[in-house]
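Number of protein chains: 2
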Amino acid sequence: MNSDLSDTKTLYLQIYEKFKREIMEGIYSAGQRLPSIRKTAEDLGVARNTIEAAYRQLLQEGFVSSRTGSGYTVEQINLNEGVFSKSVDESIEAFGSRERQLILGTQKPLRSYKYDFNHENLETDAFPCDTWRKLTSDALHGVEAGGASCYNDNQGDYLLRLNIVNHLRRSRGVSCFPEQVVIQAGTQASIQNLMQLFDPQVDTVAMEEPGYSGARLAFEQSRFKVIPCPIFQGTSFYIRSLFKSVAKLCYVTPSNQFPTGLILPMQARLQLLDWANTTNAYILEDDYCREFRYNVHPVPPLQSLDAYHRVIYMGTFSTTLSPALRMSYLILPPELLSQWKEHFSATHSSVPWFSQVVLRRFIEQGHWEKQTRRALAHNKQKYEALITALNTHMKGKIELIENGAGLHVLVRVKDGKSQDELILMAENQGVGIYGTNQYWMSESPGWESPVLIGFSSIRKEDIEPGIQALAKAWFG
Amino acid sequence: MNSDLSDTKTLYLQIYEKFKREIMEGIYSAGQRLPSIRKTAEDLGVARNTIEAAYRQLLQEGFVSSRTGSGYTVEQINLNEGVFSKSVDESIEAFGSRERQLILGTQKPLRSYKYDFNHENLETDAFPCDTWRKLTSDALHGVEAGGASCYNDNQGDYLLRLNIVNHLRRSRGVSCFPEQVVIQAGTQASIQNLMQLFDPQVDTVAMEEPGYSGARLAFEQSRFKVIPCPIFQGTSFYIRSLFKSVAKLCYVTPSNQFPTGLILPMQARLQLLDWANTTNAYILEDDYCREFRYNVHPVPPLQSLDAYHRVIYMGTFSTTLSPALRMSYLILPPELLSQWKEHFSATHSSVPWFSQVVLRRFIEQGHWEKQTRRALAHNKQKYEALITALNTHMKGKIELIENGAGLHVLVRVKDGKSQDELILMAENQGVGIYGTNQYWMSESPGWESPVLIGFSSIRKEDIEPGIQALAKAWFG
Numbered sequence: 160m161n162s163d164l165s166d167t168k169t170l171y172l173q174i175y176e177k178f179k180r181e182i183m184e185g186i187y188s189a190g191q192r193l194p195s196i197r198k199t200a201e202d203l204g205v206a207r208n209t210i211e212a213a214y215r216q217l218l219q220e221g222f223v224s225s226r227t228g229s230g231y232t233v234e235q236i237n238l239n240e241g242v243f244s245k246s247v248d249e250s251i252e253a254f255g256s257r258e259r260q261l262i263l264g265t266q267k268p269l270r271s272y273k274y275d276f277n278h279e280n281l282e283t284d285a286f287p288c289d290t291w292r293k294l295t296s297d298a299l300h301g302v303e304a305g306g307a308s309c310y311n312d313n314q315g316d317y318l319l320r321l322n323i324v325n326h327l328r329r330s331r332g333v334s335c336f337p338e339q340v341v342i343q344a345g346t347q348a349s350i351q352n353l354m355q356l357f358d359p360q361v362d363t364v365a366m367e368e369p370g371y372s373g374a375r376l377a378f379e380q381s382r383f384k385v386i387p388c389p390i391f392q393g394t395s396f397y398i399r400s401l402f403k404s405v406a407k408l409c410y411v412t413p414s415n416q417f418p419t420g421l422i423l424p425m426q427a428r429l430q431l432l433d434w435a436n437t438t439n440a441y442i443l444e445d446d447y448c449r450e451f452r453y454n455v456h457p458v459p460p461l462q463s464l465d466a467y468h469r470v471i472y473m474g475t476f477s478t479t480l481s482p483a484l485r486m487s488y489l490i491l492p493p494e495l496l497s498q499w500k501e502h503f504s505a506t507h508s509s510v511p512w513f514s515q516v517v518l519r520r521f522i523e524q525g526h527w528e529k530q531t532r533r534a535l536a537h538n539k540q541k542y543e544a545l546i547t548a549l550n551t552h553m554k555g556k557i558e559l560i561e562n563g564a565g566l567h568v569l570v571r572v573k574d575g576k577s578q579d580e581l582i583l584m585a586e587n588q589g590v591g592i593y594g595t596n597q598y599w600m601s602e603s604p605g606w607e608s609p610v611l612i613g614f615s616s617i618r619k620e621d622i623e624p625g626i627q628a629l630a631k632a633w634f635g
Numbered sequence: 160m161n162s163d164l165s166d167t168k169t170l171y172l173q174i175y176e177k178f179k180r181e182i183m184e185g186i187y188s189a190g191q192r193l194p195s196i197r198k199t200a201e202d203l204g205v206a207r208n209t210i211e212a213a214y215r216q217l218l219q220e221g222f223v224s225s226r227t228g229s230g231y232t233v234e235q236i237n238l239n240e241g242v243f244s245k246s247v248d249e250s251i252e253a254f255g256s257r258e259r260q261l262i263l264g265t266q267k268p269l270r271s272y273k274y275d276f277n278h279e280n281l282e283t284d285a286f287p288c289d290t291w292r293k294l295t296s297d298a299l300h301g302v303e304a305g306g307a308s309c310y311n312d313n314q315g316d317y318l319l320r321l322n323i324v325n326h327l328r329r330s331r332g333v334s335c336f337p338e339q340v341v342i343q344a345g346t347q348a349s350i351q352n353l354m355q356l357f358d359p360q361v362d363t364v365a366m367e368e369p370g371y372s373g374a375r376l377a378f379e380q381s382r383f384k385v386i387p388c389p390i391f392q393g394t395s396f397y398i399r400s401l402f403k404s405v406a407k408l409c410y411v412t413p414s415n416q417f418p419t420g421l422i423l424p425m426q427a428r429l430q431l432l433d434w435a436n437t438t439n440a441y442i443l444e445d446d447y448c449r450e451f452r453y454n455v456h457p458v459p460p461l462q463s464l465d466a467y468h469r470v471i472y473m474g475t476f477s478t479t480l481s482p483a484l485r486m487s488y489l490i491l492p493p494e495l496l497s498q499w500k501e502h503f504s505a506t507h508s509s510v511p512w513f514s515q516v517v518l519r520r521f522i523e524q525g526h527w528e529k530q531t532r533r534a535l536a537h538n539k540q541k542y543e544a545l546i547t548a549l550n551t552h553m554k555g556k557i558e559l560i561e562n563g564a565g566l567h568v569l570v571r572v573k574d575g576k577s578q579d580e581l582i583l584m585a586e587n588q589g590v591g592i593y594g595t596n597q598y599w600m601s602e603s604p605g606w607e608s609p610v611l612i613g614f615s616s617i618r619k620e621d622i623e624p625g626i627q628a629l630a631k632a633w634f635g
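Residue numbers (this note's numbering), protein chains in the order written: chain A, 160 to 635; chain B, 160 to 635.
Written out as structure tokens, the structure is:
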């Protein structure tokens with residue numbers, strides 16, 4: 160099964176590279192159309208899926224463009240009189256076959272599905288391009304544009320921080336000074352910076368089990384030992400294992416536990432704060448998805464309940480605005496803030512001034528609030544379409560794990576098939592669903608570990624046929 | 160002397176905060192002018208410098224705007240019906256005085272000079288705002304804008320990497336595949352990512368002594384021990400101490416040693432490569448400033464001479480385009496590339512898609528080359544103005560350390576005054592020059608350690624009067 164998979168990958172890469180080469184060598188020239196996916200699939204005798212994946216990779220890399228109904232058109236690629244194709248040959252000669260293999264042979268393949276139930280990307284046209292274009296233009300006009308020529312405040316643009324603080328105060332009850340906000344380039348970058356204030360020789364990190372593997376990876380890349388605290392045995396067991404962990408920092412997703420969607424009850428929130436206060440530890444509250452709750456009432460963030468100054472609050476613009484923007488923020492409690500300032504006093508921020516001043520305007524002029532409201536309404540419809548489709552096509556055959564919030568649900572199939580089998584069966588029907596094994600650290604949860612069905616990037620109208628195709632893949 | 164300095168800082172911050180508060184409370188309303196620097200200085204009985212620093216901080220944070228000849232005008236700050244001022248009070252109540260001190264009391268002051276001989280920032284209007292605005296607009300039109308809604312290639316946009324490779328091949332003789340390029344968010348971020356592939360328990364890092372303290376900090380923040388290898392005793396001493404260091408990685412700036420401007424001779428380059436090959440170590444070649452050479456011929460980068468695949472090449476867009484863009488790149492040799500891909504396979508890039516696709520267009524359409532050529536010509540004029548001014552006003556009294564390249568020169572004053580004294584004397588005449596003690600690790604170079612006079616951000620016409628003021632400050 161695995162070898163089938165890797166064969167497909169190789170094939171896709173071969174096809175992608177064939178077209179890339181032909182475009183660069185001018186065999187396909189600018190404005191010309193690539194043969195249709197159907198035709199190429201027939202010519203080469205491979206699945207249309209594979210061709211589509213190759214074309215989408217070319218599209219993503221800008222070799223071709225695509226307009227609905229008119230296929231893929233080769234772009235004008237200005238490589239300065241074909242210097243590249245000559246020099247590639249020279250470069251190739253400079254490397255032995257082993258080096259060439261190391262460089263070219265390990266490209267990450269792109270999988271492509273007719274129905275992709277991804278939970279991280281947003282819909283293709285979700286980004287407010289027109290507004291962003293206008294605000295960028297505003298930011299680059301006038302005196303303030305001097306910021307484009309120098310190193311700027313390494314905690315982030317002050318007015319952006321002020322706007323974030325105001326928004327959080329109104330929408331989430333988070334209370335802090337703009338001085339406590341640090342603009343960051345995403346969750347993983349935030350964690351890696353934050354962990355510089357801790358000592359991997361002494362301090363350990365506790366995480367929910369199951370939990371967000373992207374965060375765990377960032378802790379591990381910072382060389383910290385991560386201790387899993389199981390959440391499926393109830394909150395008091397969870398709190399007990401937290402005490403037993405002797406961790407210096409606990410990473411939590413209380414408003415929407417990843418990946419289960421559980422909401423940490425008020426009582427457990429207070430116990431968590433008590434744990435931090437008692438053991439002199441910190442809590443990293445990742446509030447990555449508070450906006451998207453459909454049938455549940457919000458619980459106040461830990462940060463707003465924290466009388467001990469032990470909570471680090473982390474937020475992101477990836478789920479409501481764009482994961483391509485790479486913008487997030489940390490809100491640091493006083494003691495840590497003071498350490499942060501000292502530690503990073505001579506370190507440049509890695510977040511561009513450009514993104515910051517445009518985002519500031521975006522929030523200031525009310526666009527973020529509008530965007531979030533719109534996304535909530537839209538995602539609620541998609542959530543309901545997904546639940547309805549699952550109940551219609553799979554009733555009695557699956558167990559649904561979801562809590563009326565977030566951008567995915569978990570599904571357990573009751574017939575003993577493994578995650579890998581379920582994913583492959585789906586893939587063969589052009590349906591992308593995702594495994595959850597990587598979210599567990601300590602145990603191999605076996606058949607009980609559910610698959611993840613996301614709805615952040617799929618179009619609303621594709622949900623019903625997608626789930627129908629999935630039901631066909633799984634249950635015939 | 161130090162207490163004088165910190166008094167000045169406190170004053171500046173107090174004034175900045177007074178105006179900020181008054182703007183936010185509406186005492187100054189949008190469109191109104193702040194009192195002139197002269198008037199405020201007289202009213203408050205403090206130096207105009209201090210007021211200017213406070214105003215510039217307000218300007219930088221967007222509270223005011225400034226047009227030549229018309230002073231500082233208060234900006235429209237949309238804080239959603241004054242929610243902020245109310246909530247600030249609430250926030251303040253939530254914190255004890257110790258916490259408040261930790262949060263508000265440690266702000267980094269901004270120094271401001273009439274003549275600022277900074278070497279990192281660029282001139283205020285150096286950034287090609289119009290072109291950037293247009294290219295951003297292009298990038299956000301059309302089908303490719305789908306990239307704005309998803310996580311993108313974590314090595315960076317492929318066509319951007321291709322364009323960088325082509326540019327490097329033409330201009331620097333660097334030879335590699337686009338697959339070897341990793342787009343990064345600046346030198347320090349690059350180093351922190353790169354060092355994840357090494358082990359701080361076992362591996363050490365060798366650095367030139369003196370050397371770039373920003374890089375050293377990044378190594379130390381990654382928890383690596385850094386070993387200084389002195390460069391002032393000649394290259395064979397340098398190479399010997401490198402062998403003695405038993406380092407696993409050596410950070411070098413061969414095309415323009417920081418801060419001395421020395422160029423590593425060809426013979427030493429080959430010895431360096433030999434060291435890496437013999438000891439199975441890597442060389443991190445920071446080619447941060449190759450473009451700016453005025454009287455010297457370029458020596459080929461180590462990367463282009465490296466038959467052993469031991470050189471990691473690092474480049475930046477900060478010196479030629481904008482430090483606010485936070486864009487740089489690494490070129491990895493095959494073995495490390497393969498490790499990198501494995502290690503970061505589940506890590507998101509921290510460089511926004513937006514910056515990448517705009518920068519790609521900027522290079523593709525020839526703007527980067529034009530920009531670099533223009534900057535070279537302009538910096539050459541500034542370099543010559545600086546050398547002429549130093550010779551005119553300080554002949555015989557100083558020793559000049561420079562090598563006809565880069566964006567600064569070093570100056571030793573022959574009268575035994577300390578760096579701190581020289582800097583303070585300059586400051587009192589409104590002239591900003593910079594210390595170099597932080598570039599030394601092992602010894603305290605005492606009076607021999609020179610001061611740094613940069614010319615990247617000062618206007619050409621300010622160089623002569625600035626040096627004249629400096630001569631007056633130093634020699635009366």
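For every residue, glycine included, the Cβ atom is placed at its ideal position computed from N, Cα and C.
These figures come from a predicted structure and were not determined experimentally.
Asked	Found
Should I617 of chain B be flagged as near chain A, meaning a C-beta pair shorter than 9 Å?	no
Give me, in chain order, the residues of the same chain whose beta-carbon lies closer than 7 Å to that of E234 of chain A; leave out the 5 immediate sequence neighbours on both sides.	A189, G221, F222, V223, S224
Does W527 of chain B come within less than 9 Å of chain A when only Cβ atoms are used?	no
In terms of residue numbering, what span does the alpha helix (DSSP H) encompassing M553 of chain A cover?	526 to 553
For the alpha helix (DSSP H) holding H278 of chain A, just list the boundary residues, first then last.	Where H278 of chain A is concerned, there is no enclosing alpha helix (DSSP H), given that its DSSP letter is neither H nor E.
Just the chain B side, please: which residues come within less than 7 Å of A374 of chain A by C-beta, in chain order?	Here the premise fails: no neighbours, minimum Cβ distance about 11 Å.
Give a yes or no on contact between the stretch 361 to 374 of chain A and the stretch 493 to 507 of chain A, applying the rule of three or more CB pairs nearer than 8 Å.	no
Residues in the same chain with beta-carbon distance under 7 Å from Y488 of chain B, minus the five sequence neighbours each way, listed in chain order, please.	I323, V340, V341, I342, Q343, G474
What is the residue span of the beta strand (DSSP E) that Y488 of chain B lies within?	487 to 490
So which residues of chain A does R292 of chain B contact, with C-beta pairs closer than 7 Å?	T295, S296, L299
Examine the ligand MN and report whether any of its heavy atoms sits within less than 8 Å of the Cβ of K407 of chain B.	Among the components of this structure there are no ligands whatsoever, and the ligand MN is therefore not found.
For the stretch 501 to 512 of chain B against the stretch 375 to 387 of chain A, are there 3 or more C-beta pairs whose distance is under 8 Å?	yes
Under DSSP, the alpha helix (DSSP H) around H502 of chain A begins and ends at which residues?	493 to 502
Thinking Y643 of chain A and V590 of chain A are a contact (beta carbons under 8 Å), I'd like their distance in whole angstroms, please.	No answer is possible for residue 643 of chain A: the residues shown for chain A start at 160 and end at 635.
Taking Cβ positions only, does P624 of chain A come closer than 9 Å to chain B?	no
Are the CB atoms of T412 of chain B and C448 of chain B nearer to each other than 9 Å?	yes
Quick check: what's the CA-CA separation for R292 of chain B versus R533 of chain B?	20 Å
Buried or exposed for I442 of chain A, going by 16 or more other Cβ atoms inside 10 Å?	buried
Kindly indicate if chain A contains any beta-carbon less than 9 Å away from that of L164 of chain B.	For L164 of chain B, the predicted model reports a pLDDT of 31, less than 50, meaning its position is unreliable and no value from the coordinates is stated.
Identify which residue in A:S615, A:E620, A:K576 has its Cα closest to the Cα of A632 of chain A.	A:K576
Which bits of chain B does T482 of chain A rub up against, with CB to CB less than 8 Å?	Note on residue identity: the sequence assigns Pro, not Thr, to residue 482 of chain A. Simply S308, C309, Y310, H507.
At 7 Å on the CB atoms, spell out the chain A contacts of W512 of chain B, in chain order.	A483
Quick one: what does DSSP say Q588 of chain B is sitting in, helix, strand or coil?	coil
Note down, one range per segment and in chain order, each alpha helix (DSSP H) of at least 4 residues found wholly within the stretch 195 to 221 of chain A.	196 to 203, 207 to 219
By alpha-carbon positions, which one of B:L170, B:V610, B:I626 ends up nearest to L545 of chain B?	B:I626
Verify the CB distance criterion: does T283 of chain A have a CB-CB separation below 9 Å to chain B?	yes
So that I know if they touch, is there some Cβ in chain B lying closer than 9 Å to that of A630 of chain A?	no
Could you tell me the distance, in whole angstroms, from the CA atom of E623 of chain A to the CA atom of C288 of chain A?	28 Å
Please state the DSSP three-state secondary structure of V385 of chain A.	strand
Which term fits C261 of chain B, buried or exposed, when burial requires 16 or more other beta carbons within 10 angstroms of its beta carbon?	As written in the sequence, residue 261 of chain B is Leu, which differs from the Cys given in the question. The residue in question, L261 of chain B, is buried, as its Cβ has 16 or more Cβ neighbours within 10 Å.
Using only alpha-carbon positions, find the residue among A:L461, A:F357, A:Y453, A:I422 that is nearest to A406 of chain A.	A:F357
Mind pulling the alpha helix (DSSP H) runs of 4 or more residues that sit fully within the stretch 330 to 382 of chain B?	346 to 353, 372 to 380
In this structure, does DSSP put L569 of chain B in helix, strand or coil?	strand
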